[in-house]
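To keep things clear, I will list the structure first and then write my remarks on it.
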Amino acid sequence: ASELMPKAETAIGLTRAELLIQQGKMDNALKTLEQLRVNEPKQEAVTKRLLALYRDVHDWRRLLALLPAARKKNILSYDKTRELGILANTSLINEAGADHDARKLHEVWQHMHKDIRKLPELVSVYVHQLMKCNSGTNAEMVLSRYLHKNWDENLVYLYGIVNGDTQIQITHAEIWLKNH
């Protein structure tokens, strides 16, 4: 097909990638799609399929790297971009916390964009993972800082169950009670 129709490279490559996916050859499908994207960066179908495949194989870092371009070119809506960003970052946090290594978890959190770290959904996931790492004091500090700037009832509840410095937690809760 490539020899007979050299101008149909994108269609042929997408078909090849789909056949590879059906055969369970995800790595080869990724290589095909990534090469297509290099050759035809403006092709929406390639970007969409690549995003879907990154999601399917849980390649969260590559998915996150591709999201800004997909959003900029209106391939994805703001809501869909946000949804995929939350899914990918949540997964990265959970993967980092799976080893119960608070330092590794902190590194993943710090490498996330500051706007992402302001999302209450992700703060909650991060704090839960800190608690699993027996890092209640750090969890309490993260929540305290967040709640002083951004009120969120779900995170207040979480603050109440964190194993941190109980006296500090009570003091903060009393202040918040007056303000909220």
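Position 16 of the sequence shown, counted from 1, bears residue number 16 in my numbering, the numbering being contiguous throughout.
Heads up, the beta-carbon is just placed ideally off N, CA and C, and yes, glycines get one too.
Because the structure is a prediction, the values reported are computed rather than measured.
Can you round the beta-carbon distance between Arg49 and Leu14 to whole angstroms, since I take them to be within the 8 Å contact cut? Contact annotation, Arg49 with Leu14: C-beta distance approximately 6 Å; criterion of less than 8 Å satisfied.
Do Leu105 and Leu84 have their C-beta atoms within less than 8 Å of each other? In this structure, Leu84 does not lie closer than 8 Å to Leu105 by Cβ.
Alpha carbon to alpha carbon, how far is Glu121 from Asp95? Give it in angstroms, no decimals. It should be pointed out that residue 95 corresponds to Glu in this sequence rather than to Asp. So the two alpha carbons sit approximately 16 Å from each other.
How many whole angstroms separate the CB atoms of Thr47 and Arg55, which I take to be in contact at a CB cut-off of 8 Å? Taking 8 Å as the upper bound for CB-CB distance, Thr47 and Arg55 are not in contact here, some 13 Å apart.
Contact under 8 Å by Cβ, Cys133 with His111: Contact: no.
Outcome for Gly164 when other beta-carbon atoms lying within 10 angstroms are tallied against a minimum of 16: The Cβ neighbour count for Gly164, taken over all protein chains shown within 10 Å, is at least 16; the residue is labelled buried.
Please tell me whether, using a cut-off of 7 Å, the distance from the CB of Ile161 to the nearest non-hydrogen atom of the ligand NAP is below it. The ligand NAP is absent from the structure shown, which contains no ligands of any kind.
Under the rule that 16 or more other beta-carbon atoms within 10 Å means buried, what is Tyr157, buried or exposed? Counting Cβ neighbours within 10 Å, Tyr157 comes out exposed, since fewer than 16 surround it.
On a Cα-Cα basis, can you pick out the residue from His148, Glu18, Glu40, Lys25 that is closest to Thr171? Minimum Cα distance to Thr171 is reached at His148.
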